[in-house]
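Data block below; observations after.
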Amino acid sequence: MGGVTYMTWVERRVAGIVQDRLGPNRVGPAGLLQPIADGIKFLFKEDVVPPHVYKPLYILAPALSFVPSLVGTAVIPFGDSLHLFGRDIALRVADLNVGILFIFAMSAMGVYGIALAGWSSNNKYSLMGGLRSSAQLISYELAMGLSVVGVLMAAGSLRLNEIVAAQGEFRWNLWYQPLGALVFLVAAFAETNRAPFDLPECESELVAGYHTEYSSMKFAMFMMAEYANMITASALMVTLFFGGWQVPGLGRLSLPPLAVSLVQVAAFLLKTGFFLFLYVWVRWTLPRFRFDQLMDLGWKALMPLAVLNIFWTSWAILSGWL
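Heads up: the sequence shown is residues 9 to 330, going by my numbering.
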């Protein structure tokens, strides 16, 4: 939640730098207390519920978007283990043997929240935003899932910690499967509804899209879900293709176990932070696609490239390269 909160500050500061303006700088030093002020503002804003909405689903939809976006991070390892008080503590919340499938299942649940928000609002702009989002997320989920197949084949496991362990000594999947990494990165942008793939909330023709009728904390939950999904997608990109918490050459240094664990966690956070910055940088640099261009990219470009990556990985494994 702290990362979600301060990603709003990063977003506004980077936007200010890109556009040659200041960004938030009034509340606290360098505007660092601005996210807290915004949170308090949302808590005390009037929660307006229009009379024409279908209330049960209208109220449930923000939670259906927000909760799965947080739960997905539970299986991502942010370090190997931490030796404290005479025992090793695994640096992850849960170590599921189907970790990657769990993350995809949680990300798929977010589609229901957005689609139901659009439908239950009983507003044509909201409905079109929900339909767009459903089509977009389902389309790009296929490309994202196929781009990960090569990683799973190379590691021989669905457990994320074993996928990271297989990338030790700088054997990152990025070097062997750059095509898969590219497809995953583009699909991750689309899955999180970030520009240039933010058609579900396209203000030029849909006002604010699926959350047009929402206010106060319900609106804030949709925004928090977006930033939580960004963090999950960035951490998953690091885990699958950039070695996760692995630091090349760290094992050859004579460091105490606690120092090794802290370096691994710091490396994971730095890698994840880079992709979060990339999310913000791309948003304030590239223009929005048309919807037909967005769907063509997903089905006609990313899907074939993802399948090609699977064939390449199969051949590399049979040849003994992986």
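Each residue gets a CB set at the ideal place from its N, CA and C atoms; glycine is no exception.
Apply the 10 Å Cβ neighbour rule to residue i and answer buried if 16 or more other Cβ atoms are within range, or exposed otherwise.
{"i": "Ser327", "result": "exposed"}
{"i": "Val268", "result": "buried"}
{"i": "Gly217", "result": "buried"}
{"i": "Arg291", "result": "buried"}
{"i": "Trp5", "result": "Because the chain here runs from 9 to 330, residue 5 falls outside it and cannot be looked at."}
{"i": "Lys53", "result": "exposed"}
{"i": "Gly306", "result": "buried"}
{"i": "Met114", "result": "buried"}
{"i": "Arg21", "result": "buried"}
{"i": "Gly257", "result": "exposed"}
{"i": "Lys132", "result": "exposed"}
{"i": "Ser73", "result": "buried"}
{"i": "Arg100", "result": "buried"}
Measuring only the C-alpha atoms, how far is residue i from residue j?
{"i": "Leu244", "j": "Trp183", "result": "17 Å"}
{"i": "Val191", "j": "Gly87", "result": "26 Å"}
{"i": "Leu139", "j": "Ala189", "result": "28 Å"}
{"i": "Ala275", "j": "Trp253", "result": "6 Å"}
{"i": "Arg296", "j": "Leu207", "result": "8 Å"}
{"i": "Arg202", "j": "Tyr287", "result": "8 Å"}
{"i": "Val57", "j": "Gly121", "result": "17 Å"}
{"i": "Leu92", "j": "Val255", "result": "21 Å"}
{"i": "Ala125", "j": "Asn169", "result": "35 Å"}
{"i": "Gly345", "j": "Trp323", "result": "Any property of residue 345 remains undetermined from this structure, which presents the chain solely from 9 to 330."}
{"i": "Leu302", "j": "Met311", "result": "13 Å"}
{"i": "Ala233", "j": "Asn130", "result": "22 Å"}
{"i": "Leu30", "j": "Ile325", "result": "51 Å"}
Between which residues of its own chain and residue i is the CB-CB distance below 8 Å, once the five residues before and five after are set aside?
{"i": "Trp17", "result": "Pro32, Gly39, Leu40, Gln42 and Pro43"}
{"i": "Leu160", "result": "Ile108, Leu166 and Ile171"}
{"i": "Val215", "result": "Tyr133"}
If I measure Cβ to Cβ from residue i and keep anything under 7 Å in the same chain, skipping five residues before and after, which residues do I get?
{"i": "Lys279", "result": "Val246 and Phe250"}
{"i": "Gly153", "result": "Phe112"}
{"i": "Glu213", "result": "none"}
{"i": "Phe299", "result": "Arg140 and Leu207"}
Identify whether residue i lies in helix, strand or coil by the three-state DSSP scheme.
{"i": "Arg95", "result": "strand"}
{"i": "Ser89", "result": "strand"}
{"i": "Leu150", "result": "helix"}
{"i": "Tyr222", "result": "coil"}
{"i": "Asn33", "result": "coil"}
Who are the near neighbours of residue i in its chain, counting only those whose CB is closer than 6 Å to its CB and skipping five residues on each side?
{"i": "Arg167", "result": "Asn105 and Gly107"}
{"i": "Ala23", "result": "Trp292"}
{"i": "Thr81", "result": "Thr240"}
{"i": "Lys226", "result": "Pro70"}
Looking at residue i: is its Cβ nearer than 7 Å to the Cβ of residue j?
{"i": "Tyr62", "j": "Ser128", "result": "yes"}
{"i": "Asn317", "j": "Gly158", "result": "yes"}
{"i": "Ala314", "j": "Ser155", "result": "yes"}
{"i": "Phe110", "j": "Val75", "result": "no"}
{"i": "Ser242", "j": "Phe197", "result": "no"}
{"i": "Val12", "j": "Ala236", "result": "yes"}
{"i": "His219", "j": "Phe230", "result": "yes"}
{"i": "Ala162", "j": "Leu330", "result": "yes"}
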